[in-house]
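Taking it in order: structure first as structure tokens, then the write-up.
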Amino acid sequence: MKKIEIQGKTGHSQIFVGERLKNLASYLDQKQVVIITDDNVAGFYEKDFPKAHVIRIGTGEGVKTLKTVEGIYQQLIDLEADRSLFLLGIGGGIVCDMSGFVASTYLRGVDFGYVPTTLLAQVDASVGGKTGVNFMGYKNMVGVFNQPEFVICDPGVLTTLPQRDLISGFAEIVKHAAIADESYFTYLEENAAKALALDPAVLQQIIYDSVMIKAEIVNRDETEKGERRKLNFGHTFGHAVEKTAGIPHGESVSIGMIVASLLSMNKNLLAEKDVDRLRNLLTLFNLPVGIEADKTKMLDALARDKKREGDDIYFVLLSEIGRAVVEKITLAELERVLQSMP
Ligand SMILES: NC(=O)c1ccc[n+]([C@@H]2O[C@H](COP(=O)([O-])OP(=O)(O)OC[C@H]3O[C@@H](n4cnc5c(N)ncnc54)[C@H](O)[C@@H]3O)[C@@H](O)[C@H]2O)c1
Ligand SMILES: [Zn+2]
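Structure, rendered in structure tokens:
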């Protein structure tokens, strides 16, 4: 087991990579503990939960709303939970984001922790202190920055994760390597097959390296003013893919990373062989690297976002594998790259 520290203005957080869900009780003191989880996770793992009241939410982005949050507040009041409450989110990114938000607002804030049970939640959603819910169809529209007391990443729980959710996590992992660490990228190239087969040692190493990269970026820029933007690599175009093609987040980000790397190449920032390396690695993880849906619709979606945010589209580009830069891109440049893609 390895420990990583997050030192944020909104709090201090300890992340334990390789700890087991079964050992959770030793992290909890005598305070009243309430667990928030979802139906799937409860089905697999409730037997391993520490003794505590369990609040279940449903599954899917549709439950990530203020209405569900109100339901949780109601149950906490019924339990007469006071400020000594410790709220524990056990589940994927949806459970983590929502339990963090409830913990940050109930009685103006109580202590909380996460046991992320998806790969995406272990390497991304549970790290960095962003909590929140969707509102009126806008993703993560309402929320706060706040750090959990602890995060426990148990790679053992990933064996029950559906394949599509698993590879979504690998997209964010490839992103971390691409923006921050070439030797990690090489490690992924050499160990992709073992990672996909959930080899425990490889998985633990990957989760650790990814959390380290995200934690270091967050420690430098907790509330996303500069450095943290690099974590958006693949996401600017990825969000347009997600919205218009309706494919899962990680797969959309995979396509977005290819678009961003081609833009980088057209700007003479990145060598063609590095674009190929990225494409090959994503393919090793069974992630998509071409666009099957309507490119015009995606451009329109992105242009609409652009209008919302101001005139320029800022893209995270690569100057080499392991190094990201943020640059302005015109819609025309983007259109050229899209037309060149298969
Ligand atoms: N806070 C952040 O910084 C941040 C970062 C990235 C993503 N997010 C958020 O995370 C959410 C996506 O998270 P996600 O991909 O984990 O989705 P999710 O929470 O919906 O989980 C995916 C599916 O896997 C199931 N599941 C979870 N753990 C399982 C396990 N061990 N075995 C079997 N099934 C399991 C869930 O029930 C769900 O059906 C989005 O709402 C996104 O906005 C937040
Ligand atoms: Zn993402």
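Per the numbering used here, the sequence shown starts with residue 69, numbered consecutively.
Quick reminder that beta carbons are idealized off the backbone N, C-alpha and C, glycines included.
Exercise. Quick one: what does DSSP say phenylalanine 213 is sitting in, helix, strand or coil?
Worked result: The residue labelled residue 213 in the question sits at position 145 within the sequence shown. Secondary structure at phenylalanine 213: strand, using DSSP grouped into helix, strand and coil.
Exercise. Considering only residues of the same chain and omitting the five flanking positions on each side of threonine 136, which have a CB-CB separation below 7 Å?
Worked result: Taking the sequence shown and counting its residues from 1, one reaches residue 136 at position 68. Ile125, Met166.
Problem set entry | CB of glycine 197 within 9 Å of CB of proline 184, strictly | Counting from one through the sequence shown, the residue named residue 197 turns up at place 129. Counting from one through the sequence shown, the residue named residue 184 turns up at place 116. No; because the gap between Cβ atoms is not below 9 Å, this pair is not in contact.
Exercise. Exposed or buried, tyrosine 113, counting other C-beta atoms within 10 Å across all chains shown (16 or more means buried)?
Worked result: As a working mapping, residue 113 is identified with position 45 in the sequence shown. Buried, by the Cβ-count rule.
For this session: Go ahead and pull the three-state DSSP assignment for isoleucine 275.
Result: Numbered from its first residue, the sequence shown carries residue 275 at position 207. The answer is helix: DSSP assigns isoleucine 275 an H, G or I state.
Exercise. Can you round the beta-carbon distance between leucine 355 and glutamate 319 to whole angstroms, since I take them to be within the 8 Å contact cut?
Worked result: The sequence position of residue 355 within the sequence shown is 287, counting from 1. The sequence position of residue 319 within the sequence shown is 251, counting from 1. In this structure leucine 355 is in contact with glutamate 319, their Cβ atoms being roughly 6 Å apart against a cut-off of 8 Å.
Problem set entry | glutamate 129 burial status per 10 Å Cβ neighbour count (16 or more: buried) | Your numbering for residue 129 matches position 61 in the sequence shown. Note on glutamate 129: under 16 other CB atoms within 10 angstroms of its CB, so exposed under the neighbour-count rule.
For this session: Specify, as a first and last residue, the run of the alpha helix (DSSP H) that phenylalanine 169 falls within.
Result: What you label residue 169 is simply residue 101 of the sequence shown in a count that begins at 1. Start and end: 161-173.
Exercise. Looking at C-alpha atoms only, which residue of Gly181, Glu258, Asp267, Leu402 is the closest neighbour of phenylalanine 84?
Worked result: The sequence position of residue 84 within the sequence shown is 16, counting from 1. Distances from the CA of phenylalanine 84 to each of Gly181, Glu258, Asp267, Leu402 were compared; the closest alpha carbon is that of Gly181.
Problem set entry | Nearest-angstrom Cα separation, counted from valine 210 out to glutamine 100 | Stepping through the sequence shown from its first residue, residue 100 is reached at position 32. Stepping through the sequence shown from its first residue, residue 210 is reached at position 142. Cα to Cα, glutamine 100 sits roughly 27 Å from valine 210.
Exercise. With respect to 8 Å, is the separation between the Cβ of aspartate 192 and the closest non-hydrogen atom of ligand 2 below this value?
Worked result: Here residue 192 is taken as the residue at index 124 of the sequence shown, counted from 1. Yes, since a heavy atom of ligand 2 falls inside the 8 Å radius drawn around the Cβ of aspartate 192.
For this session: Count the other CB atoms, across all protein chains shown, that sit within 10 Å of the CB of aspartate 192; report buried if there are 16 or more and exposed otherwise.
Result: Locating residue 192 in the sequence shown gives position 124, where the first residue counts as 1. By the neighbour-count definition (other C-beta atoms within 10 Å, threshold 16), aspartate 192 is a buried residue.
Problem set entry | Inter-residue Cα distance where the pair is glutamine 273 and isoleucine 220 | In the sequence shown, the residue the question calls residue 273 occupies position 205. In the sequence shown, the residue the question calls residue 220 occupies position 152. Distance between the alpha carbons of glutamine 273 and isoleucine 220: 15 Å.
Exercise. Can you check whether the CB of leucine 350 is closer than 9 Å to the CB of valine 357?
Worked result: If you number the sequence shown from 1, residue 357 lands on position 289. If you number the sequence shown from 1, residue 350 lands on position 282. Result yes, Cβ atoms of valine 357 and leucine 350 sit closer than 9 Å.
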